[in-house]
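Novice: Numbering (the numbering used here), first residue to last: -19 to 129.
1) Is residue -18 helix, strand or coil when you go by DSSP?
2) For the beta strand (DSSP E) holding residue 42, just list the boundary residues, first then last.
3) Using 10 angstroms around the beta-carbon of residue 24, count the other beta-carbons present and answer buried if the total reaches 16, otherwise exposed.
4) Opposite residue 78 in the DSSP bridges: which residues?
5) Nearest CA to the CA of residue 76: which residue from 65, 86, 55 and 70?
6) Let me check understanding here. Comparing Cα to Cα, which of 47, 73, 39 and 118 lies closest to residue 30?
7) Quick check on the DSSP output: the alpha helix (DSSP H) that includes residue 3 runs from which residue to which?
8) Which residue wins for smallest C-alpha separation from residue -17, given the options 53, 101, -8 and 87?
9) Just curious, the beta strand (DSSP E) that residue -7 is in, first and last residue?
10) Please list, in chain order, all residues of the same chain as residue -19 whose beta carbon is under 6 Å from its beta carbon, the five residues on each side excluded.
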């Protein structure tokens, strides 16, 4: 499983769950502090927003809810959330329910590449006909551009 915009991946090996990250523990800790500060600022400046209900389980990104567990907010509020992420230099993408923001140069396609290299010793670019991708959000765009199926 590749998650959090490609910054981490999980797989089972010898009956144990393996977790891998594109960022070092120190980089993740530093970025978490930056994301926590961004969260405080965004939630304060955009009334009606909340952190996503699964935020406690996220390690590399911040998900700001604008209609999953809060009453749906107008597009102007979503734009203001995006501005909040951009103001602090974070990458962000809007999904159907959240605005996700993160620090780092990664996306889901890069995460898939690293997962396949590590887990199976495969190069994604040489095996695109073996895999299909399903997605529904703006942060899936790198995978739509990568996979033919």
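All residues carry an ideal CB built from backbone N, CA and C; glycine is no exception.
Specialist: Checking against the coordinates, here is how it stands:
1) In the chain shown, residue -18 corresponds to position 2, counting from 1. Shown here, residue -18 sits in a strand according to DSSP, grouped into three states.
2) Numbered from 1 along the chain shown, position 62 holds the residue referred to as residue 42. Boundaries of the beta strand (DSSP E) harbouring residue 42: 41 to 45, taken from the DSSP string.
3) Numbered from 1 along the chain shown, position 44 holds the residue referred to as residue 24. Residue 24 comes out exposed.
4) Here the question's residue 78 lines up with position 98 in the chain shown. Partner(s): 45.
5) Counted from its first residue, the chain shown places residue 76 at position 96. The candidate whose alpha carbon is nearest that of residue 76 is 55.
6) The residue you call residue 30 lines up with position 50 of the chain shown. Considering only alpha carbons, the answer is 47.
7) Residue mapping note: residue 3 aligns to position 23 of the chain shown, counting from 1. For residue 3, there is no enclosing alpha helix (DSSP H), since its DSSP letter is neither H nor E.
8) Here residue -17 corresponds to residue number 3 of the chain shown, with the count starting at 1. Selection 53, 101, -8 and 87 evaluated against residue -17 yields 87 as nearest (Cα-Cα).
9) Position 13 of the chain shown holds residue -7. Where residue -7 is concerned, the enclosing beta strand (DSSP E) starts and stops at -12 to -7.
10) Residue numbering aside, residue -19 sits at position 1 when the chain shown is read from its first letter. Taken in chain order, the residues that qualify are -10.
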